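Okay, so here's the structure we're looking at.
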Amino acid sequence: MLKVEGLNVFYGAIHALHDVSFEVKQGEIVTLIGANGAGKTTILHTVSGLVRAKSGKISFQDQNITTTEAHVILKHGLAHVPEGRRVFSQMSVQENLLMGAYARKDKDGIAEDLEKVYMRFPRLRERYRQMAGTLSGGEQQMLATGRALMSRPSLLMMDEPSMGLSPILVGEVFEIIRSINASGTTVLLVEQNAAMALSIANRAYVLETGRIVKEGSADALMHDDDVRRAYLG
Amino acid sequence: MKPATFLITLINGLQLGSVYALIALGYTMVYGIVKLINFAHGDILMVGSYVVLFMLTTVFAAQTLLAKVIAVAAAIVFCVMLGIVIDRVAYKPLRSAPRISALITAIGVSLALQIIAQLIFGSEQIKFPQVILNETLFKIDKKPVKSLPIITCCVSVVLMIALNLFVNKTKPGRAMRAVSEDMGAARLMGINVNNTISLTFAIGCTLAAVGSVFYAQKVGYVKPLMGSLPGIKAFIAAVFGGIGSIPGAVLGGFVIGMLETFVNYFASQYVDAVVYGLLIVVLLVRPAGMLGKAVREKV
Numbered sequence: 078m079l080k081v082e083g084l085n086v087f088y089g090a091i092h093a094l095h096d097v098s099f100e101v102k103q104g105e106i107v108t109l110i111g112a113n114g115a116g117k118t119t120i121l122h123t124v125s126g127l128v129r130a131k132s133g134k135i136s137f138q139d140q141n142i143t144t145t146e147a148h149v150i151l152k153h154g155l156a157h158v159p160e161g162r163r164v165f166s167q168m169s170v171q172e173n174l175l176m177g178a179y180a181r182k183d184k185d186g187i188a189e190d191l192e193k194v195y196m197r198f199p200r201l202r203e204r205y206r207q208m209a210g211t212l213s214g215g216e217q218q219m220l221a222t223g224r225a226l227m228s229r230p231s232l233l234m235m236d237e238p239s240m241g242l243s244p245i246l247v248g249e250v251f252e253i254i255r256s257i258n259a260s261g262t263t264v265l266l267v268e269q270n271a272a273m274a275l276s277i278a279n280r281a282y283v284l285e286t287g288r289i290v291k292e293g294s295a296d297a298l299m300h301d302d303d304v305r306r307a308y309l310g
Numbered sequence: 021m022k023p024a025t026f027l028i029t030l031i032n033g034l035q036l037g038s039v040y041a042l043i044a045l046g047y048t049m050v051y052g053i054v055k056l057i058n059f060a061h062g063d064i065l066m067v068g069s070y071v072v073l074f075m076l077t078t079v080f081a082a083q084t085l086l087a088k089v090i091a092v093a094a095a096i097v098f099c100v101m102l103g104i105v106i107d108r109v110a111y112k113p114l115r116s117a118p119r120i121s122a123l124i125t126a127i128g129v130s131l132a133l134q135i136i137a138q139l140i141f142g143s144e145q146i147k148f149p150q151v152i153l154n155e156t157l158f159k160i161d162k163k164p165v166k167s168l169p170i171i172t173c174c175v176s177v178v179l180m181i182a183l184n185l186f187v188n189k190t191k192p193g194r195a196m197r198a199v200s201e202d203m204g205a206a207r208l209m210g211i212n213v214n215n216t217i218s219l220t221f222a223i224g225c226t227l228a229a230v231g232s233v234f235y236a237q238k239v240g241y242v243k244p245l246m247g248s249l250p251g252i253k254a255f256i257a258a259v260f261g262g263i264g265s266i267p268g269a270v271l272g273g274f275v276i277g278m279l280e281t282f283v284n285y286f287a288s289q290y291v292d293a294v295v296y297g298l299l300i301v302v303l304l305v306r307p308a309g310m311l312g313k314a315v316r317e318k319v
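Heads up: the sequence lines are chains A and B, in that order.
For the first sequence, our numbering gives the first residue as 78, with consecutive numbering after it.
For the second sequence, our numbering gives the first residue as 21, with consecutive numbering after it.
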């Protein structure tokens with residue numbers, strides 16, 4: 078579904094990604110794990126078009142999207158929940174969700190999906206008129222996730238959904254990711270919380286200073302000595 | 021101050037205030053979306069009045085109502101195109117550059133517009149034709165209340181209400197708010213950021229073009245440097261209200277307009293000192309402006 082080959086990304090003189098290649102297949106949950114600054118977020122930003130690659134190829138559902146602009150990539154069915162949620166704090170919860178459906182024109186479909194999001198996140202329905210900036214961290218994560226779902230994506234990319242949340246909420250967020258995946262959306266998950274990420278993923282890639290150093294099934298990596306030592310404590 | 025004088029001064033203050041508010045909206049909307057103080061915005065006002073003048077003196081033989089309507093429409097269209105072109109040519113290449121580069125560029129664009137206008141029209145002031153009816157509506161205490169101030173206020177208020185509805189209730193308006201809050205996140209929503217920025221410039225320039233007609237007719241002439249002063253006053257208005265805030269620009273426009281008109285009545289030589297003094301006080305006491313929110317700089 079998503080195929081990244083030989084990706085090189087630079088920030089000025091800093092070589093942020095070195096020949097990164099990975100793949101996400103239809104229906105999977107794939108996770109990219111690694112320490113802070115390993116390049117996980119850069120990968121997602123490059124895939125969704127916010128950052129341009131120096132070389133390499135990104136294809137999504139057999140279409141080359143390497144140089145496609147961010148606002149067009151979304152229309153291919155690729156949604157991105159950015160790190161730190163980045164909800165529109167000056168807009169209401171409902172307006173935020175409608176922003177997620179900005180690129181769509183099918184009014185009935187949008188209304189239907191809005192209802193689905195409210196079913197999935199009843200807290201958002203309770204607060205639909207509230208300004209998004211006044212929500213708690215967990216609620217903002219739900220809102221950012223719901224907003225991404227409003228574009229009806231076939232691949233959902235999530236960047237550090239557990240960041241800054243209490244352990245109970247972290248469990249809840251991962252349960253949500255699992256259920257989104259179960260309802261047919263492929264998920265690419267970036268996480269520092271490697272234990273949690275590996276527990277719900279099918280496959281995983283380990284990233285170190287801009288390089289993919291290990292890949293395999295989530296089960297295998299969970300029992301890999303290096304991974305245990307470095308990421309699972 | 022006699023009640024009649026007070027009322028007339030009040031009307032004049034509202035008239036000047038609505039012109040400032042129209043221009044201030046352009047400053048504040050552009051700032052809200054690209055974080056740029058577009059110093060060329062005042063000169064758009066000048067360009068707009070020259071277009072009206074050109075249409076009514078060179079293109080049309082008679083200044084009929086139709087000719088006037090077409091002239092104003094032409095000024096709006098021309099200013100909108102000019103605003104979009106300025107953004108694409110001068111500001112867009114600097115979107116990711118340090119803000120000071122774009123600011124200096126804006127000053128450069130402002131000077132360029134003034135000099136081009138001088139080359140084409142000469143630097144002397146030219147009488148501005150009457151575009152909007154300015155008859156005496158009624159008299160209070162033998163002082164006439166004219167129609168130009170009233171029309172200026174009414175049209176401006178209608179435009180401001182329309183703008184408010186547009187920004188808050190329509191899809192492109194939501195896109196503008198989204199881009200102004202978080203450009204990256206807006207792109208992830210499928211918003212074409214460049215088009216949204218062009219739309220913002222277009223709206224700002226439309227308001228400036230309308231404002232140019234009111235302003236030029238109030239002062240009675242056009243000249244290449246005529247945009248600087250109202251431009252700076254409107255900029256102060258935008259800062260006073262809180263740059264980036266649409267209601268702030270309207271509030272600031274009216275406050276500055278009123279202040280200027282009343283100070284002018286009592287001690288006209290102090291007008292500019294009082295307005296600039298107000299700017300200094302606001303920047304010291306409430307740097308984010310009256311209705312602006314203090315935002316943390318993202319690192």
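The beta carbon of each residue, even a glycine, is placed where N, CA and C say it ideally should be.
The model shown is predicted, which means the values in this text are computed figures rather than measured ones.
Is Phe260 of chain B near Gly272 of chain B, with beta carbons less than 8 Å apart?
yes
Selected residue, minimal CA-CA separation from Met208 of chain A, among A:Thr262, A:Asp183 and A:Asn173
A:Asn173
Take the Cβ of Pro307 of chain B as the centre, count every other Cβ of all protein chains shown within 10 Å, and call the residue buried at 16 or more, exposed below.
Answer is exposed; the Cβ neighbour count stays below 16.
What are the start and end residues of the beta strand (DSSP E) that includes Leu94 of chain A?
Start and end: Ile91 to Val101.
Output yes if chain A places a C-beta closer than 8 Å to the C-beta of Asn212 of chain B; else output no.
yes
Quick check on DSSP: helix, strand or coil for Met16 of chain B?
There is no way to answer for residue 16 of chain B, as the model of chain B reaches only from 21 to 319.
For the candidate residues B:Thr156, B:Pro192, B:Ile211 and B:Ala122, whose alpha-carbon lies nearest to that of Arg108 of chain B?
Of the candidates B:Thr156, B:Pro192, B:Ile211 and B:Ala122, the one whose C-alpha sits nearest the C-alpha of Arg108 of chain B is B:Ala122.
In the DSSP assignment, what residue or residues form a beta bridge with Val156 of chain B?
Here residue 156 of chain B turns out to be Thr, not Val, going by the sequence shown. Looking at the DSSP assignment, Thr156 of chain B forms a beta bridge with B:Lys166.
Less than 8 Å between the beta carbons of Ile276 of chain B and Lys243 of chain B, yes or no?
Ile276 of chain B places its beta carbon 8 Å or farther from that of Lys243 of chain B.
Taking all protein chains shown into account, do 16 or more other C-beta atoms lie within 10 angstroms of the C-beta of Gln134 of chain B, making it buried, or fewer, making it exposed?
Gln134 of chain B comes out buried.
If you pair each beta-carbon of the stretch 281-291 of chain B with each one of the stretch 49-69 of chain B, do three or more pairs fall below 8 Å?
no
Taking DSSP as the reference, what is the three-state secondary structure of Gly116 of chain A?
Secondary structure of Gly116 of chain A (DSSP, three-state): coil.
Give the straight-line distance between the Cα atoms of Lys184 of chain A and Arg197 of chain A, rounded to the nearest whole angstrom.
20 Å
Starting from Met49 of chain B, trace the alpha helix (DSSP H) in both directions and tell me its first and last residue.
For Met49 of chain B, the enclosing alpha helix (DSSP H) stretches over residues Pro23 to Val54.
Going by beta-carbon coordinates alone, are Ala258 of chain B and Gly103 of chain B separated by less than 8 Å?
Not closer than 8 Å, so no.
Determine the burial state of Asn188 of chain B: buried for a count of at least 16 other Cβ atoms within 10 Å of its Cβ, exposed for fewer.
exposed
Locate the beta strand (DSSP E) running through Thr108 of chain A, then write down its first and last residues.
Ile106 to Gly111
Suppose the cutoff is 6 Å on Cβ atoms and the five residues either side in sequence are ignored; what does the same chain contact list for Ser200 of chain B look like?
Gly52 and Ile53
Does any CB atom of chain B fall closer than 8 Å to the CB of Arg163 of chain A?
yes
Out of A:Tyr179, A:Gln138 and A:Gly83, which one is the CA nearest neighbour of Ala205 of chain B?
A:Tyr179
Identify the continuous alpha helix (DSSP H) that holds Thr281 of chain B and give its terminal residues.
That run of the alpha helix (DSSP H) goes Ile266 to Ala287.
Environment of Tyr308 of chain A [buried if 16+ CB atoms lie within 10 Å]:
buried
Whose C-alpha, out of B:Leu34, B:Ile300 and B:Met196, is nearest the C-alpha of Gly224 of chain B?
B:Met196
For the alpha helix (DSSP H) that contains Asp315 of chain A, what are its first and last residues?
Since the first and last residues shown for chain A are 78 and 310, residue 315 of chain A lies out of range.
Beta-carbon within less than 6 Å of Val39 of chain B's beta-carbon, same chain only, minus the 5 sequence neighbours each way: which residues are those?
Gly231, Phe234 and Tyr235
Spatial neighbours of Thr226 of chain B in its chain, beta-carbon cut-off 8 Å, leaving aside the 5 residues before and after
Ile96, Cys99 and Val100
Using a 10 Å radius around the Cβ and a threshold of 16 neighbouring Cβ atoms, would you call Thr25 of chain B buried or exposed?
exposed
Cβ neighbour criterion (16 or more within 10 Å) applied to Asp139 of chain A:
exposed
Determine the contact status of Arg200 of chain A and Glu216 of chain A, defining contact as a CB-CB distance below 8 Å.
yes
Measure the beta-carbon distance from Gly193 of chain B to Ile263 of chain B and round it to whole angstroms, keeping in mind my assumption that it falls under 8 Å.
That pair is no contact at about 19 Å.
Using the C-alpha atoms, what's the distance from Met278 of chain B back to Pro244 of chain A?
If you take the alpha carbons of Pro244 of chain A and Met278 of chain B, they lie about 57 Å apart.
Once DSSP output is grouped into helix, strand and coil, what is the label at Arg194 of chain B?
helix
Please list, in chain order, the residues of the stretch 177-190 of chain A that have any C-beta partner in chain B closer than 7 Å.
Gly177, Tyr179 and Ala180
Could you tell me which chain B residues have their CB closer than 7 Å to the CB of Lys64 of chain A, listed as they occur along the chain?
In the structure as shown, chain A begins at 78 and stops at 310. Residue 64 of chain A is therefore absent and cannot be evaluated.
Within the same chain, show all residues whose beta-carbon is closer than 6 Å to that of Val129 of chain B, passing over the 5 residues directly before and after it, in chain order.
Within its own chain, the residues whose Cβ lies closer than 6 Å to the Cβ of Val129 of chain B, once the five positions on either side in sequence are excluded, are Ala60, Ile106 and Ala110, listed in chain order.
Measure the Cβ-Cβ separation of Lys152 of chain A and Gly268 of chain B and say whether it is below 8 Å.
No.
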